[in-house]
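Data block below; observations after.
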Amino acid sequence: MSPDRLVTLFVVAGYLLALILAGAYVTRRSKGFSDYVTGGGKIPAWMLALSFMANFVSSNSFVGHAGKSHEVGLGWCVVAGFLVVACALSFHLFAPRFAEFARTNGALTLPDFFERRFGSRPLAVFVQWIVVVTTLLYVLAVLRGTALVVASGLGLSYSAALLVVYLVTIVYCLLGGLWADVLTDVVQSVVLLAGAVLLFVAVVSATPDPAAPAPPPLRPLSIAQLVAVGLSGAVKLVADPKQVMVFYAFGDAAQARRFRHFAPLLLALVLACLFPVGYLARSLVPLVRDVDEVVPRLVFERGLLGAAFGPVFLVALLAASMSSLDSALLIVASCLEKHVVAPLARREPSERRTRVILFLVATLVFALSFRPLGDIVSLSTLAGALLGASLLPILCVGLFVDAPIPPRVALVSLTFGLLGALAGKLGPKALGLRSPWLQDIFVGLLLATLPLVVHWVRRPRAPVSVPG
């Protein structure tokens, strides 16, 4: 092994060991299911704000989104704009209401919101399965992106890199729950911010190889396509159970408002550094088989910023990915335990069973990652479209409209959103339709909103009394 690779190995090993120790340190703070999945309302607000930002910046951003502009150009930055706006709206509008709802109703998971707001346990179970399936798609994307970069950085095979990421994630997730997630996110947010800035500076400062072939022509996306991708990511940011988990952990609305500017500003800085990278690197890495390869090749083949930058970038990517993986796995495990396993066992939700479920789910994702279902951006975009299209309209009604909504209306809205997103994804190609506005997120949101509008129009009106 070369000296550079050896240095990288020691840096990465030290970082991964620190994650495991952090998980072990906070194990004693978890004293039951509630503490394990929400921190018991004791996590400081500034730490939760950093965790929110870190949760959303993953290998999808460092590898998928950063590389995509290599193919489609700087128009890809429109997507980043949607994400930052959604982050700001989340903290200003949604976070205080979710935090207050959790405090007054004892909600621990996103399906709990549906059960308590709409008075229907079957509705909560249906939402639970939406959350589980879409989150697993997202985890598959993140795990693949992380393993690709670890493989490039350490000279490992994809399979070996996948195993390393899986084992470390499992260990510290099992140890500490949300406390471990948030504590490591605080460190990881600093690391990934440094990695994003250094990557941008490295690409801007690099000198192209004059003998390199010309890059292929850009294939820019239409405005509708950019809006669709941006909107799917934006609604995912608002409706994503990983982010709702952070909102629940604030404890009350006042704490949620305290750092509402912090996360959006940090996210804006990180995405402004990452999204143009692929386009700026077209003369540095002109020919790639897959845009997911752009960033790993820049760092480990081109050696941007010298040998010292490789370990920094690899740790930054691991920080981004681990912060998303742990919270996503925790969401899936807590939903399955609270809404499937515990009711079947006729027992209260158990922290121990949640850990077992987390281990089993992570192992399933690990096995599926050997045969990827698609590229990073496609998987994460599909997950965002399915989740956002089905959940966002009814979440907005549940949070901001005081009038009662029948559970059947909520169920129809959720179902229409899912079917609409799938139809928007598969239908245009099957039917030979080429309209850029027939995107999964547009069709899904439209159909999910329709039952709510019909219910609102047909709701009984109070009789108007006429003065005698």
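Following this note's numbering, the numbering of the sequence shown begins with -1 at its first residue and continues without gaps. All C-beta atoms, glycine included, are put in the ideal place defined by N, C-alpha and C.
Spatially closest choice to residue i from the options, by CA coordinates
i    : options                : result
F198 : S187, G153, G276, G231 : G276
V354 : L17, I168, S67         : I168
Q126 : P309, V359, S332, E98  : S332
A178 : P211, D33, P426        : D33
R457 : T413, W435, P404, V441 : P404
H90  : A340, V455, A261, L278 : A261
Y13  : R280, L312, L377       : L312
A279 : L272, A210, D238, H68  : H68
P211 : G382, S281, L334       : S281
P213 : V289, V202, V189       : V289
W435 : S220, A343, V399       : S220
A360 : F80, V137, F116        : V137
V35  : G153, S348, A200       : S348
V407 : F116, S157, G39, G104  : F116
I128 : H453, L390, S433       : L390
V283 : G37, F414, P206        : P206
F414 : T447, P309, D183, A22  : T447
L323 : H259, T182, S155       : T182
R258 : L48, G39, G38          : L48
G193 : S59, L154, H453        : S59
S433 : Q241, H337, A222       : A222
Q241 : E346, Y156, A93        : A93
A158 : S376, L377, A365       : A365
Q437 : G104, A401, S376, Y23  : S376
CB-CB length for residue i against residue j, believed under 8 Å
i    : j    : result
L46  : F248 : 6 Å
E527 : L121 : In the structure as shown, the chain begins at -1 and stops at 466. Residue 527 is therefore absent and cannot be evaluated.
L316 : V10  : 7 Å
P218 : G73  : 5 Å
V286 : V292 : 6 Å
L165 : M243 : In fact, because the Cβ distance is near 24 Å, the residues do not count as touching under 8 Å.
V236 : L87  : 7 Å
V140 : S319 : 5 Å
G143 : V61  : 4 Å
I41  : V180 : 5 Å
M272 : G71  : It should be pointed out that residue 272 corresponds to Leu in this sequence rather than to Met. No, L272 and G71 are not in contact; Cβ-Cβ is about 15 Å, not under 8 Å.
L152 : L7   : 6 Å
I439 : A381 : About 11 Å separates the two Cβ atoms, so there is no contact after all.
Distance CB(residue i)-CB(residue j) smaller than 9 Å
i    : j    : result
A204 : R300 : yes
V479 : A421 : The requested residue 479 is not part of the displayed model; the chain covers only -1 to 466.
T132 : V227 : no
S411 : P449 : yes
A251 : A43  : no
V163 : V148 : yes
L443 : L229 : yes
F50  : Y246 : no
L191 : L134 : no
L160 : F368 : yes
V233 : L385 : yes
I329 : P208 : no
F99  : F111 : yes
F31  : E335 : yes
L409 : V363 : no
V76  : H63  : no
R350 : V339 : no
A419 : V441 : yes
P309 : V5   : yes
R101 : G39  : yes
R295 : S150 : yes
H453 : P109 : no
Check: residue i C-beta below 8 Å from any heavy atom of the ligand MG
i    : result
L390 : The model on display carries no ligand, and the ligand MG is accordingly not part of it.
Any chain D beta carbon closer than 9 Å to residue i
i    : result
K240 : Included in the structure is just one protein chain, with no chain D present.
Original post:
Taking one C-beta from the region 259 to 271 and one from the region 48 to 57 each time, how about it: are there three or more such pairs within less than 8 Å?
Top reply: yes
Original post:
Is the region 424 to 443 in contact with the region 392 to 407, if contact means three or more CB pairs nearer than 8 Å?
Top reply: no
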